[in-house]
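Using the working numbering, you'd call the opening residue of the sequence shown number 12 and step up by one each time.
Down below is the structure, laid out as structure tokens.
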Amino acid sequence: MSDFATLDFETTGLAPASNRVIEIGVVRTSPSGKIVDEFTSLVNPQRDVGRTDIHGISAGMLSSAPTFSEISGHLVEILDGAVVVAHNASFDSRFLSAEFHREQRAHVPFDLLCTLELMYQGYPRGPRKLVECCRFLEISIRDAHCALDDAQMASDLLHSLLKRVRPAALPEPCQISKMPMTHGVPVARDRVLHPRDIEASFLSTLISLLPDDGSMGVTSAVSAAQYLNLLDKVLEDRRIDEAEALELVSLAGEIGLSSERIAGLNSGYMANLCTMAVADGEVTDAERADLSTVARLLKIEDWEPLLLAEKHISHSDLAGGLAPGLTVCFTGEMSAPRSHYESRAIHAGLEVKSSVTKKLDLLVVADSDSESTKARRARELGVRILHENVFLRMLDEIGA
Numbered sequence: 012m013s014d015f016a017t018l019d020f021e022t023t024g025l026a027p028a029s030n031r032v033i034e035i036g037v038v039r040t041s042p043s044g045k046i047v048d049e050f051t052s053l054v055n056p057q058r059d060v061g062r063t064d065i066h067g068i069s070a071g072m073l074s075s076a077p078t079f080s081e082i083s084g085h086l087v088e089i090l091d092g093a094v095v096v097a098h099n100a101s102f103d104s105r106f107l108s109a110e111f112h113r114e115q116r117a118h119v120p121f122d123l124l125c126t127l128e129l130m131y132q133g134y135p136r137g138p139r140k141l142v143e144c145c146r147f148l149e150i151s152i153r154d155a156h157c158a159l160d161d162a163q164m165a166s167d168l169l170h171s172l173l174k175r176v177r178p179a180a181l182p183e184p185c186q187i188s189k190m191p192m193t194h195g196v197p198v199a200r201d202r203v204l205h206p207r208d209i210e211a212s213f214l215s216t217l218i219s220l221l222p223d224d225g226s227m228g229v230t231s232a233v234s235a236a237q238y239l240n241l242l243d244k245v246l247e248d249r250r251i252d253e254a255e256a257l258e259l260v261s262l263a264g265e266i267g268l269s270s271e272r273i274a275g276l277n278s279g280y281m282a283n284l285c286t287m288a289v290a291d292g293e294v295t296d297a298e299r300a301d302l303s304t305v306a307r308l309l310k311i312e313d314w315e316p317l318l319l320a321e322k323h324i325s326h327s328d329l330a331g332g333l334a335p336g337l338t339v340c341f342t343g344e345m346s347a348p349r350s351h352y353e354s355r356a357i358h359a360g361l362e363v364k365s366s367v368t369k370k371l372d373l374l375v376v377a378d379s380d381s382e383s384t385k386a387r388r389a390r391e392l393g394v395r396i397l398h399e400n401v402f403l404r405m406l407d408e409i410g411a
């Protein structure tokens, strides 16, 4: 009897013709259920990542991940000669075929054994979702929507069901042609450094090189305003790239700001954002996540108590706000339907565009690290990029 290779994919969406795999998890077991091998890696789809709120994977996590082509050899090795298994196998089968066909390396039909069908066979009135099936059969629950954890749960489910259910016939073991395939370095989800942490470390290192307060005079209000205006502009896309970090520290040096003064200004900036978040009496999950991103970039801890402070209105001094006539385009899976953002933009007097050109004024992104065609084009052309939370804050400021 052949080994089993239980597979799970996390993807950018549901349609394999237009969406891509962004994480692979495979557990290969012996017929008795003993683990023989495991493989997992994030996969760079070279496009927008889709619903981060579902799969927990952001574009920044995939920036250093290999493409499917670059690790196809690893996948072939762990699948070859085994009966391939998945929960709701038609989904994973179609993505598996689409990815290999897209790479033009192997084009074979993948006949997978489906643990969902086995559940139907053994327990017609039982649960259908993977986690619920595992709970029903008292199988350990792992981190759902993490590919390797889902693959491990599906593998445990398989061997539990095979003790209770006799399949009519098992699919033939997978036979993938041994044509040359690449074996790039896989990147596991739990080994990825968050890009905001990397950027924060680089910025803080640069700031630490500035003179301390003992060697400088009193900072003027104008100097502080100049720095805060630039900081506001830099954080519009909720990233701080190397060039922006250098620009911030260079300005600080030119106008006589010390490292201690920068720390104070950053803390004040964070406090102002918190004040605005509580101004309407409610801090949404999106607002809290946005504040967490800024705090991460500026390496500010213990900011959450600021959300419990007395609620009052405070207007921010946004660097270059929204003005009627500006053109705007959107990319990525926003926290609200795209039509909602477009409607609010039009109400504010903005002109909504469907593509990015050199004449575009603003691109609003759902994910700061998006590798969508629009985001890549905007960076190439130097188009101003706003994170969706910043865009919404700007709309709120003008009452649109």
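No residue lacks a Cβ here, since even glycine has one placed at the ideal position from N, Cα and C.
In the assembly as shown, Val196 is an exposed residue. Its beta-carbon has fewer than 16 other beta-carbons within 10 Å. Around the C-beta of His398, 16 or more other C-beta atoms lie within 10 Å, and the residue is accordingly described as buried.
For Ala165, the enclosing alpha helix (DSSP H) has its first and last residue at Ala158 to Leu173. Here the C-alpha atom of Phe102 lies approximately 53 angstroms from the C-alpha atom of Gln237. For Pro222, the closest C-alpha among the options Gly267, Gln186 and Ala26 is that of Gly267.
Partner residues in the beta bridge of Arg39, as assigned by DSSP, are Ala16 and Asp48.
Cα atoms of Arg202 and Ala232: separation of roughly 43 angstroms, rounded to the nearest angstrom. Taking the C-beta atoms as reference points, Ala16 is found nearer than 8 angstroms to Ile89.
The three-state secondary structure of Ile89, taken from DSSP, is helix.
In summary, Thr51 is buried, with 16 or more beta-carbon neighbours lying within 10 Å of its beta-carbon over all protein chains present.
Going by C-alpha positions, Asp14 is about 21 angstroms away from Ser108. Around the beta carbon of Leu204, a 10 Å sphere encloses fewer than 16 other beta carbons of the protein chains shown; the residue is thus reported as exposed. In this chain, the alpha helix (DSSP H) harbouring Thr286 covers Ser270 to Ala288. When secondary structure is reduced to three states using DSSP, Thr338 falls in the strand class.
For Val203, there is no enclosing alpha helix (DSSP H), as DSSP marks it with neither H nor E. At the C-beta level, Asp167 and Asp160 stay beyond 8 angstroms of one another. DSSP lists no bridge partner for Thr295.
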